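Read through the structure below, which is laid out as structure tokens, and then see the notes.
Residue numbers (full-length UniProt numbering): 1 to 189.
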């Protein structure tokens, strides 16, 4: 790259650059970018800066060029592409609140959630169409432990199945739909 010179900085830019360049709490990428600009403004050669920061000299030139065009905004990361979040913070909070509530307290005919029951309830009652695998990720991330339950067929045996993990999907959805439709009929009377 050809030689690029740093434009004159405003007092505000100079103060902010110095503060970030010496920061121990700012994001590392911002600190590095600020150090490049600070050192260039102090007369340090680009090759020397690249050597000190263990980066390529072309990176130093690109950072100077970007700062000349964008000012302090050049210290920030550019927006990145990627899949947008599917569920809002409120929806995730609803998932967690519901998972922490006993189903029987909501008038449901069972005492423990399975992933299928929880997904069905959230879809039918809260309008949140969420896959059981995503519910599982949310619960695990939040550190919610799965409850162990004993099914009628396993009486006398050690309960090895997790109530959130094992459920016959068709039966569970049918059971939940039947209960919810009967409770709507009762409410209508």
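Beta carbons are placed, not taken as given, at the ideal position from N, Cα and C, and that holds for glycine. Here the structure is a predicted model, which means the values were calculated and not measured.
Original post:
How many angstroms separate the CA atom of residue 109 from the CA atom of residue 85?
Top reply: Taking the straight line from one Cα to the other gives about 33 Å.
Original post:
Is there contact between the segment 79-94 and the segment 54-71, where contact requires at least three CB pairs shorter than 8 Å?
Top reply: Not touching, per the Cβ criterion.
**OP:** May I have the straight-line CA-CA distance separating residue 44 from residue 73, to the nearest angstrom?
**Re:** About 22 Å.
Subject >> Spatial distance of residue 157 from residue 120 (CA atoms) >> reply: For residue 157, the predicted model reports a pLDDT of 43, less than 50, meaning its position is unreliable and no value from the coordinates is stated.
Original post:
Taking contact to mean at least 3 C-beta pairs separated by less than 8 Å, is the segment 45-55 in contact with the segment 96-105?
Top reply: With a cut-off of 8 Å, the segment 96-105 and the segment 45-55 do not count as touching, because too few Cβ pairs lie within range.
**OP:** Answer yes or no: do residue 9 and residue 20 have a C-beta to C-beta separation smaller than 8 Å?
**Re:** No, these two residues do not count as a Cβ contact at 8 Å.
**OP:** Take residue 34 and list the residues in its own chain whose beta-carbon comes closer than 7 Å to its own, dropping the five residues that flank it on each side.
**Re:** Cβ within range, chain order: 17, 20, 21, 75.
Subject >> Alpha-carbon to alpha-carbon, residue 26 and residue 77 >> reply: Distance between the alpha carbons of residue 77 and residue 26: 13 Å.
Original post:
Got a sec? Which residues, its chain only, sit under 7 Å from residue 5 by beta carbon, not counting five neighbours each side?
Top reply: If you ignore the 5 residues before and after residue 5, its C-beta comes within less than 7 Å of no other C-beta in its own chain.
**OP:** Please list, in chain order, all residues of the same chain as residue 68 whose beta carbon is under 6 Å from its beta carbon, the five residues on each side excluded.
**Re:** Within the same chain, residue 68 has close Cβ partners 7.
Original post:
Shortest alpha-carbon distance to residue 40 belongs to which of 14, 140, 90, 132?
Top reply: Ranking 14, 140, 90, 132 by CA distance to the CA of residue 40 puts 14 first.
**OP:** List the whole-angstrom C-beta distance separating residue 142 from residue 96, where the pair is believed to meet the contact cut-off of C-beta under 8 Å.
**Re:** 6 Å between Cβ atoms; contact.
Subject >> Residues near residue 23 in its chain [Cβ-Cβ closer than 7 Å; skip 5 each side] >> reply: Taken in chain order, the residues that qualify are 31.
Original post:
What are the boundary residues of the alpha helix (DSSP H) that residue 122 is part of?
Top reply: That run of the alpha helix (DSSP H) goes 115-126.
Original post:
Counting along the chain, where does the alpha helix (DSSP H) carrying residue 44 start and finish?
Top reply: From DSSP, residue 44 is part of no alpha helix (DSSP H); its letter is neither H nor E.
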